[in-house]
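Visitor: This is the structure I want to talk about, given as structure tokens.
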Amino acid sequence: MKRRTVLALLSGLLLSLSVAGYSALHSRPAGSHADIVYKVVGDQKIPLDIYLPEKANGKTPVVVFIHGGSWIRGDKSILGRHYFKTHRDRFLEEGFAVVSINYRLSSPGGPHFPEPIVDCKDAVRWVRKNADLYNFDAEKIGLWGVSAGGHLAMMVAYSDEQDYKGTPELAAYSSEVNYVINHYGPTHLPTLFEVETGKEPIGYARHIVYSILGPKATAPLDERAQIFTQYSPVTNVRKKVPTLTFHGSADPVVPVNQAHILDSALKKVGVQSDLVIYEGEGHGFITMGQEGRSDLLRRGIEFAKQYSKNHTATALSR
């Protein structure tokens, strides 16, 4: 990987979601509930938004959306922008509920890994706890994550049930999910941040690394490599959770090799992995035309429908 790839984190994982071409309009369909606090940490209230379908035949399957932003920026409102809004509205039309969550953002001297992962798992637990209140089907919950949110979605899905416990009042509820839809998420952090080649990140990439690692940011290189490995989806595949990955072949932020590494790791242990590469597309699918976006949407809906009906996550044999 070129050193400039890491520097590209400044413009990509940082917030690929705020570039030109993204709509800043926020529309709220009927049946939405905004800023519901799902957990409190100290004096920080962590909210989520709920979007419910207009018509539901029985309990509704749920898609939990996890935003991107390099783990250090962004929020749940991004679901109302760009192609995410189209996807959200189509999920609603197909009878899914969509839950868009915030999580603690990492910062030097503040929250750091694994706290964002803990929050995302707690959000799934909260959905189960409140299933009757919102008519959720607690047996049909999937995750949809974009960029850094894709990484968090995979960490939630693949990690053991006892891992990353958070708020005590949610601890009794399961964080198991039926599937993951991963949009260009990082899968192997040592490669992404070049610790395998012994290079120190510079510029904004350094800020991201320091935010993620917290007090361990200045640890010896091999210790940092171990931490990044610990928080990499490819080294946390412990359950059979079907995964659909979308990635651009020309992504300068999260190189497409990250998607191939994941695909190989999942297939090696017998986990269903569907990988779709869009030729010439970069991070965030900014330049993707209508044909590509229609394909992206169709595949995502079909995958969610298939594994909402037919799959419950099971542990891998060890």
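In mature numbering (1 follows the signal peptide of the UniProt record, and there is no 0), the protein residues as written are -20 to -1, 1 to 298. Even glycine gets a Cβ: it sits at the ideal position worked out from N, Cα and C.
1) Within 10 Å of its beta-carbon, does V20 have 16 or more other beta-carbons around it, so buried, or fewer, so exposed?
2) So S253 and T223 are in contact, right, with Cβ under 8 Å, and what is the actual spacing, rounded?
3) Label S191 either buried or exposed according to how many other C-beta atoms from any shown protein chain fall within 10 Å of its C-beta, with 16 as the threshold for buried.
4) Would you call the CB atoms of V175 and M134 closer than 8 Å?
5) Taking a contact to mean a Cβ-Cβ separation below 8 Å, would you say V43 touches F64 in this structure?
6) For P96 versus L132, is the C-beta distance shorter than 8 Å?
7) If contacts are defined as beta-carbon pairs under 8 Å, then E34 and G11 qualify, I think. What distance do you get, rounded to the angstrom?
8) Can G272 and Y258 be called in contact, C-beta distance under 8 Å?
9) Would you list, in sequence order, the uninterrupted alpha helix (DSSP H) runs of no fewer than 4 residues that lie entirely inside the segment 153 to 184?
10) In the DSSP assignment, find the unbroken alpha helix (DSSP H) run with K101 in it and report its ends.
11) If you measure between the beta carbons of V157 and A137, is that distance less than 8 Å?
12) What are the boundary residues of the alpha helix (DSSP H) that includes G130?
13) Does residue 362 come out as helix, strand or coil in the three-state DSSP assignment?
Guide: Here's the rundown:
1) As a working mapping, residue 20 is identified with position 40 in the sequence shown. It is exposed - the Cβ of V20 has fewer than 16 other Cβ atoms within 10 Å.
2) Mapped onto the sequence shown, residue 253 falls at position 273. Mapped onto the sequence shown, residue 223 falls at position 243. Indeed they touch by this definition, with Cβ atoms about 5 Å apart.
3) Position 211 of the sequence shown, counted from the first residue, corresponds to residue 191. The residue is buried, with at least 16 neighbouring Cβ atoms inside 10 Å.
4) Numbered from its first residue, the sequence shown carries residue 175 at position 195. Numbered from its first residue, the sequence shown carries residue 134 at position 154. No.
5) Position 63 of the sequence shown, counted from the start, is the residue given in the question as residue 43. Position 84 of the sequence shown, counted from the start, is the residue given in the question as residue 64. No, they are not a contact pair.
6) In the sequence shown, residue 96 corresponds to position 116, counting from 1. In the sequence shown, residue 132 corresponds to position 152, counting from 1. In this structure, L132 lies closer than 8 Å to P96 by Cβ.
7) What you label residue 34 is simply residue 54 of the sequence shown in a count that begins at 1. What you label residue 11 is simply residue 31 of the sequence shown in a count that begins at 1. Right, their Cβ atoms sit about 6 Å apart.
8) Taking the first residue of the sequence shown as 1, we reach residue 272 at position 292. Taking the first residue of the sequence shown as 1, we reach residue 258 at position 278. Yes, these two residues count as a Cβ contact at 8 Å.
9) 169 to 172
10) In the sequence shown, counting from the first residue as 1, residue 101 sits at position 121. Element bounds for K101: 95 to 109.
11) Numbered from 1 along the sequence shown, position 177 holds the residue referred to as residue 157. Numbered from 1 along the sequence shown, position 157 holds the residue referred to as residue 137. The answer is yes: Cβ separation under 8 Å.
12) Numbered from 1 along the sequence shown, position 150 holds the residue referred to as residue 130. Start and end: 128 to 138.
13) Shown here, the chain extends from -20 to 298; a query on residue 362 therefore has no answer.
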